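Q: Position in the sequence shown counted from 1, then plus 23, gives you the numbering used here.
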Amino acid sequence: MSEKAVLVTGACGEIGQALVQHLAQRGGFRIVTADLAALPETIRPLSSEHVQGDLVNKVKTFYDYDFDIIFHLAASLSSKAEISTEEAHRINVEGTMQLLMLAAYRSEKYKKQVKFLFPSSIAAYGFDNLEAKHAAGRVKEETCNTPHTMYGCNKLYCEKLGMYYSRYNGQRHLDPQPPVMCDFRAIRFPGLISAFTLPSGGTSDYGPDMLHAAAQGQPYACFVRPDSRISFMAMPDAIQALLMLADAPREKLSHVVYNIASFSLTAGEFRQRALQAFPSAQITFQPNPRRQGIVDSWPEDVDDSLARLEWHWKPVYDVDKFFDEYFIPEIKKRYRHPNRRTNE
Ligand code: AKB
Numbered sequence: 024m025s026e027k028a029v030l031v032t033g034a035c036g037e038i039g040q041a042l043v044q045h046l047a048q049r050g051g052f053r054i055v056t057a058d059l060a061a062l063p064e065t066i067r068p069l070s071s072e073h074v075q076g077d078l079v080n081k082v083k084t085f086y087d088y089d090f091d092i093i094f095h096l097a098a099s100l101s102s103k104a105e106i107s108t109e110e111a112h113r114i115n116v117e118g119t120m121q122l123l124m125l126a127a128y129r130s131e132k133y134k135k136q137v138k139f140l141f142p143s144s145i146a147a148y149g150f151d152n153l154e155a156k157h158a159a160g161r162v163k164e165e166t167c168n169t170p171h172t173m174y175g176c177n178k179l180y181c182e183k184l185g186m187y188y189s190r191y192n193g194q195r196h197l198d199p200q201p202p203v204m205c206d207f208r209a210i211r212f213p214g215l216i217s218a219f220t221l222p223s224g225g226t227s228d229y230g231p232d233m234l235h236a237a238a239q240g241q242p243y244a245c246f247v248r249p250d251s252r253i254s255f256m257a258m259p260d261a262i263q264a265l266l267m268l269a270d271a272p273r274e275k276l277s278h279v280v281y282n283i284a285s286f287s288l289t290a291g292e293f294r295q296r297a298l299q300a301f302p303s304a305q306i307t308f309q310p311n312p313r314r315q316g317i318v319d320s321w322p323e324d325v326d327d328s329l330a331r332l333e334w335h336w337k338p339v340y341d342v343d344k345f346f347d348e349y350f351i352p353e354i355k356k357r358y359r360h361p362n363r364r365t366n367e
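(1) With DSSP as the reference, identify every bridge partner of P201, one or two as the case may be.
(2) Within a Cβ cutoff of 8 Å, which residues of the same chain sit near L153, ignoring the five residues on either side of it in sequence?
(3) With hydrogens ignored, establish whether the beta-carbon of L100 is closer than 8 Å to any heavy atom of ligand 1.
(4) Within the continuous beta strand (DSSP E) that includes Y281, where are the two ends?
(5) Given the structure, does T119 come close to ligand 1, in the sense that its CB is under 8 Å from one of the ligand's heavy atoms?
(6) May I ask you to verify whether the segment 93-110 touches the segment 26-35, counting CB pairs closer than 8 Å and requiring at least 3?
(7) What residue range does the beta strand (DSSP E) around V31 cover?
(8) Quick check: is any heavy atom of ligand 1 less than 8 Å from the C-beta of L368?
(9) Tell me the DSSP bridge mates of G214?
(10) Mind checking whether the beta-carbon of A146 lies closer than 8 Å to any heavy atom of ligand 1?
(11) What does DSSP give as the partner residue(s) for K138 in the beta ladder?
(12) Let me know the secondary structure DSSP gives A330 once reduced to three states.
(13) If you measure from the CB of W321, is any heavy atom of ligand 1 nearer than 8 Å?
(14) Going by the beta-carbon positions, is the gap between V342 and L288 smaller than 9 Å?
(15) On the DSSP letters alone, give me the boundaries of the beta strand (DSSP E) that I306 sits inside.
(16) Would you kindly check if the distance between the Cβ of C245 and the Cβ of Q309 is under 9 Å?
(17) CB of G185 to nearest heavy atom of ligand 2: below 8 Å?
(18) In this structure, how does DSSP classify A61 when only helix, strand and coil are distinguished?
(19) With which residues is C245 paired in a DSSP beta bridge?
(20) Decide yes or no for the touch test of the segment 235-244 against the segment 164-182: beta carbon pairs closer than 8 Å, at least 3 of them.
(21) Thinking C-alpha only, which one of A236, P201, D206 and T226 is nearest A218?
(22) What span of residues does the alpha helix (DSSP H) with L46 cover, start to end?
(23) How about the segment 139-147 and the segment 55-69: do they share at least three Cβ pairs that are nearer than 8 Å?
(24) Between the C-alpha atoms of E367 and S25, what's the straight-line distance to the nearest angstrom?
(25) If you run the structure through DSSP and keep just helix, strand and coil, what is F52?
(26) Would A47 and Q75 be called neighbours here (beta carbons separated by less than 9 Å)?
(27) Decide yes or no for the touch test of the segment 257-272 against the segment 180-194: beta carbon pairs closer than 8 Å, at least 3 of them.
(28) Have a look at P199 and K134 and give me their C-alpha separation to the nearest angstrom.
(29) Between the C-alpha atoms of L184 and P302, what's the straight-line distance to the nearest angstrom?
(30) Starting from E154 and walking both ways along the alpha helix (DSSP H), at which residues does that stretch end?
(31) Spell out a yes or no on whether the segment 278-293 and the segment 102-112 are touching, meaning 3 or more CB-CB pairs, one atom from each, closer than 8 Å.
(32) Starting from L288, trace the beta strand (DSSP E) both ways and give me its first and last residue.
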């Protein structure tokens, strides 16, 4: 069987690196990568071609490629996006729009659906106060879509753009012979945690940052209160979810946007877990009002029953398995051997 051509944008990011490794392990893909930065050595041999530079200006180069699947991961994350809102909008919205137009064009011209996988976020939700957040509990996809951040607004709008290009593009669905449209699918991810890479620019970063600092014996001042609760997930589960959604037959999917969940934890509970594994960890709390506000606007947890029903999503790592079998053993190895940067 011939290889599938895959584009991974944002390949140097946390999800990007893990995804490229998984696609290469699985086999059967010709992986083209794109990012502002050069590829890290760990994934360089896995990419058949790397396009380096600003995606918004680079998309035109991709019109000659016959991609079967696009994983569009490039984004400016929530905390960074609040500092440079216009630039975040350009990267998050303009970059996505350009790639969706490419996927729509190629699907129609060559009568072959290009699959477009998009990582959305719990940032697409928004609560005005803690009472509303607590009362909402585990939110369903169509509720509380009132983001408080530029990043959340960008993600929610791009979900709508994806729906537009995959269903209505130019109202051509009403033509006597509607064209082939692209196949857009999105996952609203919780805070993701990898034992192998460090996040930057996000607001859920306090979870992984705290643990990576503890493992290295460095002090850490957490920028949210101990009672702050949102949902988190191990990176291998996030990658598994992207691949499961990519593989799901279109006719089984009633929606284009799906929540996925694995465990919900407070910052105080993160600290306890870090202390159990690294008893001398020095973790204090110094809430930053703006970043605290972002976390307070995000749901405590999400309802992922739709993904479980339609494409059989189920995380491998619950909270105990995450700490005991993935994160703590891997991170102990990593910082014992600081040069080790291997597969998830
Ligand atoms: C962020 O903190 O911006 C991301 C997210 C939750 O989407 N990790």
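For every residue, glycine included, the Cβ atom is placed at its ideal position computed from N, Cα and C.
It should be emphasised that the depicted structure is a prediction, and the values quoted were computed from it without experimental measurement.
A: Put simply:
(1) If you number the sequence shown from 1, residue 201 lands on position 178. According to DSSP, P201 bridges with nothing at all.
(2) Taking the first residue of the sequence shown as 1, we reach residue 153 at position 130. Taking C-beta separations shorter than 8 Å and ignoring five residues to either side along the sequence, the partners of L153 in its chain run D319, following chain order.
(3) As a working note, residue 100 is residue 77 in the sequence shown. Yes - ligand 1 has a heavy atom lying nearer than 8 Å to the Cβ of L100.
(4) As a position in the sequence shown, residue 281 is number 258, starting the count at 1. V280 to N282 is the extent of the beta strand (DSSP E) around Y281.
(5) Here residue 119 is taken as the residue at index 96 of the sequence shown, counted from 1. In this structure, T119 has its beta carbon at no less than 8 Å from each heavy atom of ligand 1.
(6) Using a C-beta cut-off of 8 Å, the segment 93-110 makes contact with the segment 26-35, since at least three inter-stretch Cβ pairs fall below that distance.
(7) Taking the first residue of the sequence shown as position 1, residue 31 is located at position 8. Run containing V31: K27 to T32, per the beta strand (DSSP E) assignment.
(8) The chain is shown from 24 up to 367; residue 368 falls before or after that span and cannot be answered.
(9) As a position in the sequence shown, residue 214 is number 191, starting the count at 1. Its beta-bridge partners are F255.
(10) For the purposes of this step, residue 146 is taken as the residue at position 123 of the sequence shown. Correct: A146 has its Cβ closer than 8 Å to ligand 1.
(11) Within the sequence shown, numbered from 1, the residue matching residue 138 stands at position 115. Partner(s): I92 and D206.
(12) If you number the sequence shown from 1, residue 330 lands on position 307. DSSP places A330 in helix when its eight states are reduced to three.
(13) Translated into the one-based positions of the sequence shown, residue 321 becomes position 298. Checking the 8 Å criterion, the Cβ of W321 is within range of a heavy atom belonging to ligand 1.
(14) The sequence position of residue 342 within the sequence shown is 319, counting from 1. The sequence position of residue 288 within the sequence shown is 265, counting from 1. Closer than 9 Å, so yes.
(15) As a position in the sequence shown, residue 306 is number 283, starting the count at 1. It spans I306 to F308 - the beta strand (DSSP E) in which I306 sits, taken as one unbroken run.
(16) Looking up residue 309 in the sequence shown gives position 286. Looking up residue 245 in the sequence shown gives position 222. Q309 places its beta carbon less than 9 Å from that of C245.
(17) Here the bound small molecules are ligand 1; ligand 2 is not part of this structure.
(18) Translated into positions along the sequence shown, residue 61 becomes position 38. When DSSP states are grouped into helix, strand and coil, A61 belongs to the coil group.
(19) Indexing the sequence shown from 1 puts residue 245 at position 222. For C245, DSSP records a beta bridge to F308.
(20) Between the segment 235-244 and the segment 164-182 there are fewer than three inter-stretch CB-CB distances shorter than 8 Å, so the stretches are not counted as touching.
(21) Position 195 of the sequence shown, counted from the first residue, corresponds to residue 218. When the alpha-carbon of A218 is set against those of A236, P201, D206 and T226, the nearest one is in A236.
(22) Taking the sequence shown and counting its residues from 1, the one referred to as residue 46 is at position 23. Counting along the chain, the alpha helix (DSSP H) containing L46 begins and ends at E37 to R49.
(23) Contact annotation: the segment 139-147 does not touch the segment 55-69, with fewer than three C-beta pairs closer than 8 Å.
(24) Working through the sequence shown from its first residue, we reach residue 367 at position 344. Working through the sequence shown from its first residue, we reach residue 25 at position 2. Here the model assigns E367 a pLDDT of 41, short of 50, so the residue's position is not dependable and the matter cannot be decided.
(25) Working through the sequence shown from its first residue, we reach residue 52 at position 29. For F52, the secondary structure class from DSSP, reduced to helix, strand or coil, is strand.
(26) Residue mapping note: residue 47 aligns to position 24 of the sequence shown, counting from 1. Residue mapping note: residue 75 aligns to position 52 of the sequence shown, counting from 1. By the CB criterion at 9 Å, A47 and Q75 fall outside the cutoff.
(27) The answer is no - the segment 180-194 does not touch the segment 257-272, with fewer than three Cβ pairs under 8 Å.
(28) The residue you call residue 199 lines up with position 176 of the sequence shown. The residue you call residue 134 lines up with position 111 of the sequence shown. Each residue's alpha carbon lies about 16 Å from the other.
(29) Here residue 184 refers to the residue found at position 161 when the sequence shown is read from its first residue. Here residue 302 refers to the residue found at position 279 when the sequence shown is read from its first residue. C-alpha separation (whole angstroms): 48 Å.
(30) Taking the first residue of the sequence shown as position 1, residue 154 is located at position 131. L153 to A159 is the span of the alpha helix (DSSP H), which, as asked, contains E154.
(31) Judged by Cβ distances under 8 Å, the segment 278-293 makes no contact with the segment 102-112, as fewer than three pairs qualify.
(32) Taking the sequence shown and counting its residues from 1, the one referred to as residue 288 is at position 265. Its beta strand (DSSP E) spans residues F286 to T289.
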